């Protein structure tokens, strides 16, 4: 869009004010809009012709700023739909941002060694309430990379198996509390899944002395997550994010007390908590600061719990899906029934479910494809670089210091998913051409990619599959309905339910033939 010069502005004023019935207010608005266009032109960051095409916002100056910086619901989908560009440049006041809308380019960005996550660490630090000087030191001394390696190692192999068992043991205790003839009425199934996953996950991580045994802190995780996007605006944060700040204070207080009492060194604490705390102490951080920097309570629950919710409602609301899951799990030899002093014990082989129950896995993947909205982000670090669109052969210049973003919600609705991409259909994952095509793998990005692939993805995978397998075989979940969905909170990784006229309630009860079974994960 070309900014108006002074002559065109003067002509506009003359036309609107010479005998026209247009009001003075309308004239003023027109002049103001013209001036805004002029200012927008003057302050916009320069764009090299080799950079991705520029897409202007509808409103001069602030244009895309509000939408992209707050990740306003639907902003990336709308941008991809309207621009139809594989990659574009968005003006943001005197800065700019690159947004990728095609899976091959996203994969190229993930692999590019010039891109990194570093500059976002300070933004995350602000959301956690950590002083900027501390986060700058963490980046400068490569501490974030080191703690990332510790986390990955602690969430693999035998450590991962132990963590999964600990979480699922808590979940099985909740299932075993459901007695035959004493149905459990769940007033809000969304909150029920949040509580179950939140408590199970934090107890598995922090051990028997978890600060999240205090359920108020579990609730605080969700209050914090609801206002997370508002915690990066300096002094305004205190005005617009009071509840989130109060929730963060409660969480940090609980975690600081946990680390000050050295409960992370106890036998029941997980390897990932032990390893991270030991590293931060060796780095010279206080226990209070370790508590403030601990993002695991939020990172491990705010995506896993919604994933669990969408998986369960989609399967249990559709008899075809539910019956197929039940048949597959029962025939896959992942459940073993034994007798012990008059008790019937059903032991579930956690590690076998993912390999023996492919339809169950398909249901899980489809829930993520439908509802995951995570935004990927990297920054062009040390020097200018290029990425190439291999479909067209065009090479795009990406300038040093500029942030690059992409949205899973755009990738997960690409043409490769078929004409029914807006519909939950687990069967699409079992079609051999779809399963094996490179384009499908490139378009499925719920856990990020490259060296920033989510380290907790396998923990969540086993936790959710284990839950669905037991609930499907041993229980009825009556009254469940699939609600509408929307991104209700800035920076949410998954959509939240919007019930409207649909019921939030559900009834959990034992299935015939499984009334007295005691469930156990192994």
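Numbering (the numbering used here), first residue to last: 4 to 525.
Virtual Cβ for every residue (Gly too), placed ideally from N, Cα, C.
It should be emphasised that the depicted structure is a prediction, and the values quoted were computed from it without experimental measurement.
From the DSSP output, read off the bridge partner residues of residue i.
i	result
residue 499	489
residue 478	513
residue 331	In the DSSP output, where bridge partners are listed per residue, residue 331 has none listed.
residue 380	408
residue 522	349
residue 342	347
residue 57	92
residue 375	497
residue 118	383
With C-beta atoms as the reference, is residue i less than 8 Å away from residue j?
i	j	result
residue 115	residue 391	no
residue 523	residue 175	yes
residue 108	residue 94	no
residue 255	residue 294	yes
residue 502	residue 486	yes
residue 484	residue 505	yes
residue 138	residue 224	no
residue 198	residue 221	yes
residue 58	residue 82	yes
residue 55	residue 91	yes
residue 349	residue 338	yes
residue 411	residue 189	no
residue 362	residue 394	no
residue 214	residue 258	yes
residue 158	residue 458	yes
residue 493	residue 292	no
residue 448	residue 414	yes
residue 106	residue 417	yes
residue 324	residue 429	yes
residue 242	residue 307	no
residue 312	residue 150	no
residue 210	residue 269	yes
residue 425	residue 183	no
residue 420	residue 379	no
residue 119	residue 384	yes
residue 173	residue 196	no
residue 461	residue 168	no
residue 155	residue 278	no
residue 359	residue 386	no
residue 456	residue 464	no
Can you tell me where the beta strand (DSSP E) holding residue i begins and where it ends?
i	result
residue 349	346 to 351
residue 100	98 to 103
residue 189	187 to 189
residue 91	90 to 95
Since residue i and residue j are thought to touch, with beta carbons under 8 Å apart, how far apart are those beta carbons, to the nearest angstrom?
i	j	result
residue 341	residue 496	So it is not a contact: roughly 39 Å between Cβ atoms.
residue 233	residue 244	4 Å
residue 369	residue 427	6 Å
residue 314	residue 171	With a Cβ gap of about 15 Å, residue 314 and residue 171 do not count as contacting.
residue 407	residue 178	Between residue 178 and residue 407 the Cβ distance is about 44 Å, and since that is not below 8 Å, they are no contact.
residue 298	residue 131	6 Å
residue 469	residue 356	6 Å
residue 318	residue 471	7 Å
residue 476	residue 347	Not confirmed; about 13 Å, so no contact.
residue 310	residue 371	6 Å
residue 452	residue 110	7 Å
residue 29	residue 381	Actually they are not in contact, since the Cβ atoms of residue 29 and residue 381 sit about 45 Å apart, beyond 8 Å.
Output the boundary residues of the alpha helix (DSSP H) element that contains residue i.
i	result
residue 224	218 to 229
residue 300	299 to 302
residue 283	274 to 285
residue 290	290 to 296
residue 309	307 to 319
residue 261	245 to 263
residue 79	78 to 86
residue 137	135 to 143
Which runs of the beta strand (DSSP E), 3 residues or longer, sit entirely within the region 385 to 472?
Listed in chain order, the complete beta strand (DSSP E) runs (minimum 3 residues) inside the region 385 to 472 are 388 to 392, 397 to 401, 406 to 410.
Complete beta strand (DSSP E) runs within the region 158 to 215 (minimum length 3 residues, chain order)
187 to 189
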